[in-house]
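Residue numbers (this note's numbering): -2 to 301. Note that beta-carbon positions come from the ideal geometry of N, C-alpha and C, so glycine has one too. Below: one structure, written as structure tokens.
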Amino acid sequence: MDSTARRPRIARRIARWAVWGTPAWTVAAYLGISLATADLLTRPNNRPPWLDARAVSPDALPWSARTDDGLTLRGWYLPTPRHRHLIILIHGMGGSWPEMAALGRDLHAHGHDVLLFDLRGHGQSDPSRLFMGRRERGDLRTVMKWAARQGFAHDRIGWLGYSMGASTLVMEAAQNPGIRVAVLDSPYGSLPELLRSQLPKHSRLPSWFNPGILAAARLVFGVRTDDLIPIRAARSWGGRPMLLIHGEADSIVPVSQARRLARAAGPSCRAVTLPGVEHVQAYDSDPIRYVATIDSFFNRYLSP
């Protein structure tokens, strides 16, 4: 058979490859990109601290505690002679204790014991996937057990969380009556809603990649996000004192989520919204006012 007779067959084969190959490659690319993005968004964020805690306070003591699932959390404990109250600071996703060091120093100067620590998968704590608040709740229980061993009753412990740390605090408190008094700075109220708007910004991918990224996070890395909704959890807050602080110019978590969360928590929640303030920037925008507000709140509601 000459070459001219073979050409139609070759052309038909090429046409079939074009028809069937293009969708297959498209699906493969979609899945591959979704998997890689889910990996990037949930991988550990461990890094050495850029600050020596002894520069924050000469009284700073190295701290560590082991979680129920075998991870070691690390940070610094700033004690006071009286051990009147313990304030536990919880950073957000991608953060670490040095970001809260200035506030920790100020609260310590006001007579509070302060714990600055890294959540799992952050800073100097053991590596772990980032679970957006689900498994990080166990870190809060670990800290609570440590505090009890130091002699701090639940009503002498104040909790202050930022962003994901604040949302984790709300979700844990819904099932943990040991969390009595809390300050929430820039919490998300609904992670599914937040991801719909923020995932394309962080991944720089079209929004139609969202389902693939979230499916990969859940199926491959075990990171489930669909039910992380602090607004629902806040309904079980049960009248405990809560101070919610949120910047009205927050470009990451809309202030509307904070307002809905405050309504869900009920009258025991005092909401303070700050014009012109970005995500978790309330302290930096006015440190003196911020510390005075936090200190007054804890002194009012924590047992002497």
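Which residue or residues does DSSP assign as beta-bridge partners of I85?
L112 and W156
What is the rounded straight-line gap between the Cα of L83 and the Cα of F149?
Between L83 and F149, the C-alpha separation is close to 7 Å.
Among S61, A171 and S204, whose alpha-carbon lies nearest the alpha-carbon of S122?
S61
Would you tell me roughly how many angstroms separate the C-alpha atoms of R177 and S164, rounded to the nearest one?
Each residue's Cα considered, the two are about 15 Å apart.
Simplified DSSP state of P208, which is helix, strand or coil:
helix
Would you check if there are 3 or more beta carbon pairs closer than 8 Å linking the region 196 to 210 to the region 229 to 236?
no
Return helix, strand or coil for S249, following the three-state DSSP convention.
The displayed chain sequence assigns Ile, not Ser, to residue 249. Of the three classes helix, strand and coil, the one that applies to I249 here is coil, per DSSP.
Cβ-based burial, S308 [other Cβ within 10 Å; buried from 16]:
The shown model of the chain, from -2 to 301, leaves out residue 308, and the question about it has no answer.
Count the C-beta pairs between the region 178 to 188 and the region 204 to 212 that are closer than 8 Å, then say yes if the count reaches three, no if not.
no
Tell me whether W310 sits in a helix, a strand or coil according to DSSP, three-state version.
Only positions -2 to 301 of the chain appear in the structure, and residue 310 is not among them; the question remains open.
Per DSSP, R229 is paired with what?
In the DSSP output, where bridge partners are listed per residue, R229 has none listed.
On the DSSP bridge list, what partners appear for A62?
L70
Proximal residues to L196 (C-beta, below 6 Å), its chain only, five neighbours per side dropped
Within its own chain, the residues whose Cβ lies closer than 6 Å to the Cβ of L196, once the five positions on either side in sequence are excluded, are N207, listed in chain order.
Give the range of the beta strand (DSSP E) segment to which R267 is assigned.
C266 to L271 is the extent of the beta strand (DSSP E) around R267.
DSSP puts D182 in a beta bridge; with which residues?
Y159 and I242
Between the Cα of P284 and those of R257, T64, D103 and M168, spot the shortest distance and give me the residue it belongs to.
D103
From W14 to W22, what does the alpha carbon distance come to, in whole angstroms?
Note that W14 scores a pLDDT of 46, beneath 50, so its modelled location is shaky and nothing firm can be said.
Hey, could you find the ends of the alpha helix (DSSP H) E133 is sitting in?
E133 to R146
Whole-angstrom distance between P189 and I291, CA atom to CA atom:
Inter-residue distance for I291 and P189 is about 30 Å (C-alpha atoms, whole angstroms).
If you follow the alpha helix (DSSP H) that E190 is part of, which residue opens it and which one closes it?
L188 to S200
For the alpha helix (DSSP H) containing N296, name the first residue and the last one.
N296 -> alpha helix (DSSP H) spans P284 to Y298.
In or out: A213 buried (at least 16 other Cβ within 10 Å) or exposed?
buried
Contact belief for L86 with G101 at Cβ below 8 Å, rounded distance in angstroms
Beta-carbon to beta-carbon, L86 and G101 are separated by about 6 Å, close enough to satisfy the 8 Å threshold.
Excluding sequence positions up to five away, which residues of its chain have a Cβ less than 6 Å from the Cβ of L240?
V180, R267 and F294
So, helix, strand or coil for G120, using DSSP?
The answer is strand: DSSP assigns G120 an E or B state.
Where Y287 and G273 are concerned, what is the direct C-alpha to C-alpha distance, given to the nearest angstrom?
15 Å
Once the 5 residues before and after I242 are set aside, which same chain residues still bring their CB inside 6 Å of it?
Cβ contact annotation for I242 (same chain, cutoff 6 Å, sequence separation greater than five): D182, V269 and A279, in chain order.
Starting from V53, follow the alpha helix (DSSP H) in both directions and report where the run begins and ends.
A50 to V53
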